[in-house]
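Beneath this line is the structure, given in structure tokens, with notes to follow.
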Amino acid sequence: MFQPTALTRHDRRTERLAGTLFLLATVLLIVPVGIVLGILVWRGGPALSVDFLLTEPTNGMTAGGIFPALVGTIWLVTVALVASVPIGVAAALYLSEYAGDNWLTRLINLAIINLAGVPSIVHALFGVGAFVLFFELGTGILAASLTLAVMSLPVVIVSTREALQAVPRAFREACWSLGATRWQTIRRVVLPNSVSGILTGVILEVSRTAGETAPIMFTGAAFFLPFLPQSVFDQTMALSLHVYVIATQVPGVPDALPYAVALVLIGLVLLMNALSIAFRAYVRRRKKW
Amino acid sequence: MVAAGPSAPPAAGPAAPKLEARGLTIRYGPRTVLDGIDLEVRQHEIFGIIGPAGSGKTSFLRAINRMDEMTPSMRVEGQLLLDGRDVKQWRNVYALRSRIGVVFPLPVGLPLSVYDNVALAPRLAGVKKKQDLDAIVERCLQRAALWEEVKDRLSSLGSLLSGGQQQRLTIARALSQDPELLLLDEFSIAVDPVTTMRIEDVLKELRRELTIVLVTNLVQQARRLADRTAFFLGGECVEVGVTEELFAGGARDPRTAAYVEGKFG
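Going down the list, the protein sequences come from chains A and B.
Taking the numbering used here, I'd label the letters of the first sequence as residues 3 to 291.
Taking the numbering used here, I'd label the letters of the second sequence as residues 11 to 275.
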């Protein structure tokens, strides 16, 4: 009864073509990731060992391990998180739950998006000016982490705000009509139902912060410092800077070494992500509506 | 607040209206949805509001518990007196809202357990003791005709109940505030007919303890439940009358008569 017309044949061809194109784009995305990981494992894997993770670099960083850099990166990321997550979540709560929709909030939103686009080297210079010099924190973990925190605040704010706004407005109205204040509504209804989305932003931030090099190289990361930091005011080595240093600045480094350090850095990020994703899955299991 | 019964209206006899609108106008930006209406809701009556979509019924309810303050661009003018006192003059809007129970068109089971849904308002009001909360939860669920169905799964998520159960859960939640005024906004939209009848029976019982404003799209529901009924049309309150009379052909305005007979809307 319905013969295929030229038109429906055309539609089906277009459909197949579109599907193929989108698949191709996805493959294009995954292939580089696979290649990078593959090369890192292939070239750096053999150099990995427990000793490598837990000893200091020796012989002018051409041998030994990366323990101080590993610990330093964990310090930097942790302090940056402690500084940026509470401030970012609080700012997002204000923008999403309290602020009215007026020109000022629109301006603030625009500023936040623009801040996310500022190059990291500019953040580095800001960090030197603000934290190292003006607040006289000196170069150390605190100044470096605060610089990283400023850099990652926009990511936290934007993703948190989106997570908050994904909670249906009907939930808020139901809670308000029970006589709850805005804060009571946030604490009992909005936050418990947006935690998983907020965590997604935090995961993104961890990955970015751990890998950043420019913002920390002037503010607190050291070229070579074979001791562990004793306080947040000490300088520290960091994995990201260490990759850069041994790959370009130090002669006579064995080929495998930079690959191994990069592999550890990626492994660390993946591990943190895996932990957050597991936690998020746990939270999400309890959320249903 | 929760333990207190219906409080006596200040300096007014039983004849004084529970709720009174005087020249109530509601606008969203430049759009007027309710244009200077006057009406009275008496103590312990079920006051029905009928009218086609967009006639301002829901906006009227939202103005009563000052939801306009949470809604960008919504503006309320004129007076809305609860027990003779303008709701805008309540300094503590949260105390005002906790005296007014609201049931929404689509059941909003908060993503909390059944127990926590009903215990939320008492907890906000400061009730902490487990046994007090238990008592309130059981009483409210029983009054909402839901207790028998959920008493064995109080800790499961409220949002996983069926639509009809969720709507009774929201009624139980509204009752947990021990409100003097219960606002129902087309509560039966997402509820099957049998459950609707059960809820209607609950409402008839509740009339003895509180005052109910019932917005409904179902003309026959107003006929079954409401003592008096108002007809809203295009932002105007066309007519308020005793329900029996309106439906017995006693409508003064031909538009009301046409609407209750199902000729439009």
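For each residue, glycine too, the CB sits at the ideal point set by N, CA and C.
Checklist line | B/Asp45 vs B/Glu246 beta-carbon contact at 8 Å | finding: Here residue 45 of chain B refers to the residue found at position 35 of the second sequence. Here residue 246 of chain B refers to the residue found at position 236 of the second sequence. Taking 8 Å as the Cβ cut-off, B/Asp45 and B/Glu246 qualify as a contacting pair.
Note to self: Using a Cβ-Cβ distance cut-off of 8 Å, determine whether A/Arg190 contacts chain B.
What the structure shows: Locating residue 190 of chain A in the first sequence gives position 188, counting from the first residue. At least one chain B Cβ lies under 8 Å of A/Arg190.
Check: Of all the options B/Ser65, B/Met80 and B/Lys28, which has the alpha carbon lying nearest to the alpha carbon of B/Glu55?
Finding: Start at 1 with the first residue of the second sequence, and residue 55 of chain B comes out as number 45. If we check each option's Cα against that of B/Glu55, B/Lys28 comes out closest.
Next item on the list: Note down the Cα distance separating A/Gln232 from A/Val33, rounded to an integer number of angstroms.
Entry: Indexing the first sequence from 1 puts residue 232 of chain A at position 230. Indexing the first sequence from 1 puts residue 33 of chain A at position 31. Going from the Cα of A/Gln232 to the Cα of A/Val33 covers about 42 Å.
Check: Per the contact definition of three or more C-beta pairs closer than 8 Å, is the segment 132-142 of chain A in contact with the segment 81-91 of chain B?
Finding: no
Notebook entry, point to check: Is B/Ser108 close to chain A, meaning its C-beta is less than 8 Å from at least one C-beta of that chain?
Noted result: The count along the second sequence starts at 1 and reaches residue 108 of chain B at position 98. By this cut-off, B/Ser108 is an interface position.
Checklist line | Any C-beta of chain A under 8 Å from that of B/Ala267 | finding: As a working note, residue 267 of chain B is residue 257 in the second sequence. It does not; no Cβ of chain A falls within 8 Å.
Next item on the list: Give the residues of chain A in contact with B/Asn75, contact being defined as C-beta atoms less than 8 Å apart.
Entry: Residue mapping note: residue 75 of chain B aligns to position 65 of the second sequence, counting from 1. Ordered by position in chain A, the residues that pass the 8 Å Cβ test against B/Asn75 are Ser179.
Next item on the list: Please classify B/Arg37: does DSSP put it in a helix, a strand, or coil?
Entry: Working through the second sequence from its first residue, we reach residue 37 of chain B at position 27. In the structure shown, B/Arg37 sits in a strand (DSSP, three-state: E or B).
Check: Which class does B/Gly88 belong to by DSSP, given the choice of helix, strand or coil?
Finding: Translated into the one-based positions of the second sequence, residue 88 of chain B becomes position 78. Correct three-state label for B/Gly88: strand.
Next item on the list: Please list, in chain order, all residues of the same chain as B/Thr206 whose beta carbon is under 6 Å from its beta carbon, the five residues on each side excluded.
Entry: As a working mapping, residue 206 of chain B is identified with position 196 in the second sequence. For B/Thr206, same chain residues with a beta-carbon under 6 Å away, outside a window of 5 residues either side, are Ser198 in chain order.
Notebook entry, point to check: Closer than 8 Å, CB to CB, is A/Asn111 near chain B or not?
Noted result: For the purposes of this step, residue 111 of chain A is taken as the residue at position 109 of the first sequence. Cβ-Cβ to chain B under 8 Å: no for A/Asn111.
Margin query: Looking at chain A, is there any beta carbon in it that lies within less than 8 Å of the beta carbon of B/Arg101?
Written below: Counted from its first residue, the second sequence places residue 101 of chain B at position 91. No - not a single Cβ of chain A is within 8 Å of the one on B/Arg101.
Item checked: Cβ pair count under 8 Å reaching 3, the segment 215-226 of chain B against the segment 178-196 of chain B -> Yes, since at least three Cβ pairs between the segment 215-226 of chain B and the segment 178-196 of chain B fall closer than 8 Å, the two stretches touch.
Margin query: Whole angstroms are fine: how far does the CA of B/Gly168 sit from the CA of A/Trp291?
Written below: Indexing the first sequence from 1 puts residue 291 of chain A at position 289. Indexing the second sequence from 1 puts residue 168 of chain B at position 158. In this prediction, A/Trp291 scores a pLDDT of 47, lower than 50, which makes its location untrustworthy; the coordinate-derived value is nonetheless stated afterwards. Their backbone Cα atoms lie some 9 Å apart in a straight line.
Checklist line | Reduced DSSP secondary structure (H/G/I, E/B, other) of A/Leu139 | finding: As a position in the first sequence, residue 139 of chain A is number 137, starting the count at 1. Coil, per DSSP.
Check: Just to confirm, are B/Phe114 and A/Ala176 a CB contact at a threshold of 8 Å?
Finding: As a first step, residue 114 of chain B is located in the second sequence; it is residue number 104 there, counting from the start. As a first step, residue 176 of chain A is located in the first sequence; it is residue number 174 there, counting from the start. Result yes, Cβ atoms of B/Phe114 and A/Ala176 sit closer than 8 Å.
Checklist line | Proximal residues of chain A, C-beta to C-beta of B/Tyr104 below 8 Å | finding: Position 94 of the second sequence holds residue 104 of chain B. Under the 8 Å cutoff, chain A gives Gly181, Ala182 and Thr183.
Margin query: For a quick check, are the C-beta atoms of A/Thr162 and A/Ala212 less than 8 Å apart?
Written below: By one-based count along the first sequence, residue 162 of chain A stands at place 160. By one-based count along the first sequence, residue 212 of chain A stands at place 210. Against a cut-off of 8 Å, the Cβ pair of A/Ala212 and A/Thr162 comes out as no contact.
Notebook entry, point to check: B/Ala131 CB to nearest chain A CB: under 8 Å?
Noted result: The count along the second sequence starts at 1 and reaches residue 131 of chain B at position 121. At a cut-off of 8 Å, the C-beta of B/Ala131 has a neighbouring C-beta in chain A.
Check: Can the beta-carbon of A/Ser98 be found less than 8 Å from the beta-carbon of A/Leu166?
Finding: As a first step, residue 98 of chain A is located in the first sequence; it is residue number 96 there, counting from the start. As a first step, residue 166 of chain A is located in the first sequence; it is residue number 164 there, counting from the start. Cβ atoms of A/Ser98 and A/Leu166: closer than 8 Å.
Note to self: Can you give me the C-alpha to C-alpha distance between A/Thr16 and A/Val35, rounded to a whole angstrom?
What the structure shows: Sequence index remark: in the first sequence, residue 16 of chain A carries index 14 (1-based). Sequence index remark: in the first sequence, residue 35 of chain A carries index 33 (1-based). Each residue's alpha carbon lies about 30 Å from the other.
Margin query: Quick check: is the beta carbon of B/Leu151 nearer than 8 Å to any beta carbon in chain A?
Written below: Looking up residue 151 of chain B in the second sequence gives position 141. No, no contact with chain A.
Notebook entry, point to check: For B/Phe1, which beta-bridge partners are listed by DSSP?
Noted result: Past the boundaries of the shown model lies residue 1 of chain B; chain B is included only from 11 to 275, so the question cannot be answered.
Notebook entry, point to check: Starting from A/Gly40 and walking both ways along the beta strand (DSSP E), at which residues does that stretch end?
Noted result: Within the first sequence, residue 40 of chain A is the residue found at index 38, counting from 1. Unbroken run through A/Gly40 is the alpha helix (DSSP H), Ala8 to Gly46; no beta strand (DSSP E).
Next item on the list: Could I get the ranges of all uninterrupted beta strand (DSSP E) runs contained in the segment 102-150 of chain B, with 3 residues as the minimum, in chain order?
Entry: Whole beta strand (DSSP E) segments, 3+ residues: 110-113.
Next item on the list: Starting from B/Asp96, follow its DSSP beta bridges and name the residues at the other end.
Entry: Residue mapping note: residue 96 of chain B aligns to position 86 of the second sequence, counting from 1. Answer is B/Leu91.
Note to self: Check whether the segment 82-89 of chain A and the segment 144-159 of chain A touch, using three or more Cβ-Cβ pairs below 8 Å as the test.
What the structure shows: Yes, they touch.
Notebook entry, point to check: Does the beta carbon of A/Gln167 come closer than 8 Å to any beta carbon on chain B?
Noted result: Start at 1 with the first residue of the first sequence, and residue 167 of chain A comes out as number 165. No, because no Cβ of chain B sits closer than 8 Å to the Cβ of A/Gln167.
Check: From which residue to which residue does the alpha helix (DSSP H) around B/Gln211 run?
Finding: For this step, residue 211 of chain B is matched to residue 201 along the second sequence. In the sequence as presented, Gln is not what sits at residue 211 of chain B; that position holds Asp. From DSSP, the alpha helix (DSSP H) with B/Asp211 extends over Pro203 to Leu216.
Next item on the list: Within its chain, find whatever has a CB closer than 7 Å to the CB of A/Thr187; leave out the 5 residues flanking it on each side and keep chain order.
Entry: Start at 1 with the first residue of the first sequence, and residue 187 of chain A comes out as number 185. Excluding residues within five positions, the ones whose Cβ falls inside 7 Å are Arg174, Cys177 and Trp178.
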